[in-house]
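To start, the structure itself, in structure tokens.
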Amino acid sequence: MAGGAPGERTPGGGSLLEEFAGHLARTGASEHTVRAYVRDVTQAARDLEIHLNDASTLQRAGRAGVRRWLARMRTAGLAPSTVGRRLASLRSFLKWALSRGYLQEMPSLDGLSPGRYKRLPKFLTQTETVRMLDDRVIEEPSDLRDAAILEMLYATGLRVSELVALDVDDVRGRSAIRVIGKGDKERVVLTTQAAQDAVERYLAEGRPHLARKAGEQALFLNRLGGRLTERSVRRIVDRSTRGYCSLPHAGPHTLRHTFATHLLENGADLRTVQELLGHADLSTTQIYTHVTRDHLREIYRRAHPRARLKTRKDEEI
Numbered sequence: 103m104a105g106g107a108p109g110e111r112t113p114g115g116g117s118l119l120e121e122f123a124g125h126l127a128r129t130g131a132s133e134h135t136v137r138a139y140v141r142d143v144t145q146a147a148r149d150l151e152i153h154l155n156d157a158s159t160l161q162r163a164g165r166a167g168v169r170r171w172l173a174r175m176r177t178a179g180l181a182p183s184t185v186g187r188r189l190a191s192l193r194s195f196l197k198w199a200l201s202r203g204y205l206q207e208m209p210s211l212d213g214l215s216p217g218r219y220k221r222l223p224k225f226l227t228q229t230e231t232v233r234m235l236d237d238r239v240i241e242e243p244s245d246l247r248d249a250a251i252l253e254m255l256y257a258t259g260l261r262v263s264e265l266v267a268l269d270v271d272d273v274r275g276r277s278a279i280r281v282i283g284k285g286d287k288e289r290v291v292l293t294t295q296a297a298q299d300a301v302e303r304y305l306a307e308g309r310p311h312l313a314r315k316a317g318e319q320a321l322f323l324n325r326l327g328g329r330l331t332e333r334s335v336r337r338i339v340d341r342s343t344r345g346y347c348s349l350p351h352a353g354p355h356t357l358r359h360t361f362a363t364h365l366l367e368n369g370a371d372l373r374t375v376q377e378l379l380g381h382a383d384l385s386t387t388q389i390y391t392h393v394t395r396d397h398l399r400e401i402y403r404r405a406h407p408r409a410r411l412k413t414r415k416d417e418e419i
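In terms of the numbering used here, the sequence shown is residues 103 to 419.
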């Protein structure tokens, strides 16, 4: 294990956390993702008594210590999704430290679980989504931009970081778009005709009024003519979905969940959805099957004459 006295700087000249954050940025992680990893690893290091400027203390992230850390978070009432995210962030950090030679052996963290239940993704129903998209009132250039953003997010399932990274030439006249996702991986996403029409109208009637700087390539612009930020897109989506769904708040990832759920509800297979979402692991996509099982159960109850009779407790599909 790379070592030194506590407080000694790493060979890279900065703290382990600074180097890890730089690594994440170089591999294509968004600013939001980097901040989330840094926050989680900082929390884990504090709880496990790891000094982030002393690689020799990484050994404290052993299986027993991590199991106690998970138990403390569960006892404190943290949601399984939060516990799971922190565990995943710590695991990624340790794998990076191993690859850099700061850690001699990866701790055995296999089988450690954040909790028994996974929080199911929140999404809009098909009726809610259609109403939200069709009821748009266009009064100014930014309204055209917002309409195009909503159509694109629902049509493609893009992550917000992928959406704001798009340039005009990436989408103009295209029904298929190449995007760079997590881990600097490229994939092709498809768009609907409605999304293409919304983007073309925005490019013709909206974007020219927002553009302030010659040569700006960004597709979606803010009022100052610069590239729209992820935070701004989150505000746009939250504002646009109010009154159209039962969710207290909705963001770009809600529309990503909506995209995946509606595809599966209408017959798409899981592996196709995996490819469209850019998930490296099929198990990440499988959470949507829990949502669509509820949908199938409801259709079955409504459609099958005998299913409407109250006979016995419903069984899991």
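Ideal Cβ positions, reconstructed from N, Cα and C, are used throughout, including at glycine.
Computed from a predicted model, the values in this text were never measured in an experiment.
Margin query: Classify residue 253: buried if its beta carbon has 16 or more other beta carbons within 10 angstroms, exposed otherwise.
Written below: buried
Note to self: Once DSSP output is grouped into helix, strand and coil, what is the label at residue 117?
What the structure shows: coil
Checklist line | Counterpart residues of residue 53 in DSSP-defined beta bridges | finding: Missing from the structure shown is residue 53; the chain here goes from 103 to 419 and no further.
Check: Which residue from 354, 284 and 205 puts its Cα closest to that of residue 118?
Finding: 205
Item checked: alpha helix (DSSP H) segment containing residue 134, residue limits -> 133–150
Note to self: Report the CB separation of residue 209 from residue 168 in whole angstroms; it is logged as a contact under 8 angstroms.
What the structure shows: 7 angstroms
Checklist line | Contact belief for residue 347 with residue 226 at Cβ below 8 angstroms, rounded distance in angstroms | finding: 5 angstroms
Margin query: For a test of the three-state rule: what should DSSP assign to residue 329, helix, strand or coil?
Written below: strand
Item checked: CB contact flag (residue 377, residue 262, <8 angstroms) -> no
Next item on the list: Quick one: which unbroken alpha helix (DSSP H) runs of 4-plus residues sit fully inside the stretch 142–210? Chain order, please.
Entry: 165–177 and 182–201
Notebook entry, point to check: Could you check where the alpha helix (DSSP H) with residue 388 kicks off and where it finishes?
Noted result: Taken as a continuous stretch (DSSP letters only), residue 388 belongs to no alpha helix (DSSP H), as it is neither H nor E.
Next item on the list: Over the uninterrupted alpha helix (DSSP H) stretch that includes residue 235, give me the two end residues.
Entry: 228–236
Check: Are residue 280 and residue 288 touching if we call contact CB-CB under 8 angstroms?
Finding: yes
Item checked: Distance CB(residue 126)-CB(residue 139) smaller than 8 angstroms -> yes
Checklist line | Three-way DSSP call (helix, strand, coil) for residue 103 in this model | finding: Note on residue 103: pLDDT 35, under 50, position unreliable in the model; the coordinate value appears next. It is coil, neither helix nor strand.
Notebook entry, point to check: What are the boundary residues of the alpha helix (DSSP H) that residue 258 is part of?
Noted result: 243–258
Margin query: Just to confirm the assignment, what range does the alpha helix (DSSP H) spanning residue 361 have?
Written below: 354–367
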